[in-house]
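I have placed the structure first, in the form of structure tokens, so that the comments after it can refer back to it.
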Amino acid sequence: MEVFRKGRYSVRYAGSDADLQAAQRLRWLAFRPGAAEDGVDADRFDPLCRHVLVEERAGGRLVCTFRFMLLEGGAEISQSYSAQYYGLSGLGDYAGRMVEMGRFCIDPSCHDADILRVAWGAMTRVVQQERVDLLFGCSSFKGVDTGDYLDAFAVLKARHLAPKRWLPAVKAPNVFRYAARLRRKPDMRAAMAKMPPLLKSYLMMGGWVSDHAVVDAEMNTLHVFTGLEVRAIPPGRVRLLQDIAG
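Given below as structure tokens:
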């Protein structure tokens, strides 16, 4: 089912096994560079989620995908992908509807900034239609060398830590406690150059993060829990997203 069109791209939900497999193949290419090209990235959460496909209107090439899981409130957060890695009891009494956004990726050969904007337009549609109050998920840095991202982590510590009542607890066995360990003034230009685009978008809208990063050797990433209350998004940003979503 098509969600909307914008410029060169159309957005739709996966509606068949073939659609899901196409998304899983793109995830494999994005998350496991250098591995066999014919693999798929699949896990037990796929059947619990809806999968969004961003395709080129001319030819139908898949350029971006992500999945989302709708939760009625914090009481269901233990069912999420993120709950494997973070202690999320602080969000257990959150009363509003929640969406976990995950497995976001763009075809590594594509470099059009409009793809990310269109993907956010798709998520805006979800938020509006499902009356979502909180978005959350894991935002990933490529690789597991924390030294590559010290300025970025210093910015997260200084400006973007979660409210104390919602701060995720350490649960994963291998983490980088950057908020406790870093004692440096960040180089803002270096930090922004290293900040993942998806995380940067969350932060620009008022998002917040965990005080530690999980070292995920299997996916070869460092990731931080990321949350965003919809009501915290600046009005100008809301208008821009609504314009994209149409």
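In terms of my numbering, the sequence shown is residues 4 to 249.
Built from N, CA and C at the ideal position, the CB exists for glycine as well.
Local conformation of residue i per DSSP, three classes
i    : result
M191 : helix
S19  : coil
E221 : coil
T230 : Going by the sequence as given, residue 230 is Gly instead of Thr. Three-state result, G230: strand.
L73  : strand
R106 : strand
A98  : coil
E40  : coil
Cβ-Cβ distance between residue i and residue j below 9 Å
i    : j    : result
G93  : G76  : no
Q87  : M72  : no
A248 : F7   : yes
V233 : N177 : no
C141 : H226 : yes
M126 : L137 : no
H163 : A183 : no
L119 : C52  : no
F48  : R70  : yes
V130 : V57  : no
Host beta strand (DSSP E) of residue i (start-end)
i    : result
I247 : Premise fails: I247 lies in the alpha helix (DSSP H), P238 to A248, not in any beta strand (DSSP E).
L159 : That residue, L159, is in no beta strand (DSSP E); its alpha helix (DSSP H) goes L153 to R162.
C9   : Before going on, a small fix: residue 9 reads as Lys here, not Cys. Where K9 is concerned, the enclosing beta strand (DSSP E) stretches over E5 to K9.
S143 : L137 to K145
L206 : Per DSSP, L206 belongs to no beta strand (DSSP E); it is in the alpha helix (DSSP H), P200 to M207.
Integer Cβ distance of residue i from residue j, believed to fall under 8 Å
i    : j    : result
F34  : M222 : 6 Å
P111 : P36  : 7 Å
F228 : S213 : 4 Å
K160 : Y181 : 6 Å
L65  : A25  : 5 Å
Residue i, buried or exposed, once every other Cβ within 10 Å from all chains shown has been counted against 16
i    : result
M207 : exposed
S85  : buried
E103 : buried
A61  : exposed
H250 : The chain is shown only over 4 to 249; residue 250 falls outside these bounds and no answer can be derived.
D246 : exposed
A165 : buried
D154 : buried
Run of the alpha helix (DSSP H) containing residue i, from where it starts to where it stops
i    : result
D49  : Unbroken run through D49: none, as it is neither H nor E.
E133 : D117 to E133
L94  : Counting along the chain, L94 falls outside any alpha helix (DSSP H), and DSSP gives it neither H nor E.
R184 : Y181 to R184
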